[in-house]
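Under the working numbering, the first residue of the sequence shown is numbered 3, with each subsequent residue one higher.
From the three backbone atoms N, C-alpha and C, an ideal C-beta is built for every residue, glycine too.
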Amino acid sequence: MIELALSQIFRALGRLFAYPILILLYLLWPIVRIKIGILRASRIGHFASNTETFLRRRALHIYDSECIYILMCDPRRVSNRQLLKMYKRDLVIVDKASV
């Protein structure tokens, strides 16, 4: 029961901080294009395949090269830490725990 209440409190606080960040991103959109995504790192297949597909599409200019892509992942559920370390060389990856 206490865990449920704490979970709801943390979700509410997360939303409280997320809305100003979203408003800031919308205001900055004409100047700096920033896109935020979630990186599926809990399963090795999704982690490797989806991230590699994204990197290749970005290299082929299928995705907008002027955008800054910020990917977020849960550090407690990373299936392969070495692969995450290698992807951090080419991508901006933020651990959700640090946000």
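For residue j and residue i, the rounded distance between their alpha carbons
i   : j   : result
G39 : Y71 : 7 Å
L62 : F56 : 10 Å
R60 : T53 : 11 Å
A7  : R17 : 16 Å
Y28 : E68 : 16 Å
A50 : R58 : 12 Å
L26 : Y65 : 22 Å
P77 : V94 : 14 Å
K87 : I11 : 32 Å
Test item: CB-CB of residue i and residue j under 8 Å
i   : j   : result
A2  : R79 : There is simply no residue 2 to check, as the chain begins at 3 and stops at 101 in what is shown.
I46 : S81 : yes
L30 : I23 : no
For residue j and residue i, believed in contact at Cβ under 8 Å, the rounded distance
i   : j   : result
L41 : L73 : 4 Å
D92 : C75 : Not quite, the Cβ-Cβ distance comes to about 15 Å (not below 8 Å), so this is no contact.
Bridge-paired residues (DSSP) for residue i
i   : result
D97 : C75
K37 : Y71
Helix, strand or coil at residue i [DSSP, three-state]
i   : result
A1  : Residue numbering for the chain in the displayed model covers 3 to 101; residue 1 lies beyond these limits and cannot be assessed.
L26 : helix
R60 : helix
Y89 : helix
Minimum Cβ-Cβ distance from residue i to chain B less than 8 Å
i   : result
M74 : This model lacks chain B altogether, as it is built from one protein chain only.
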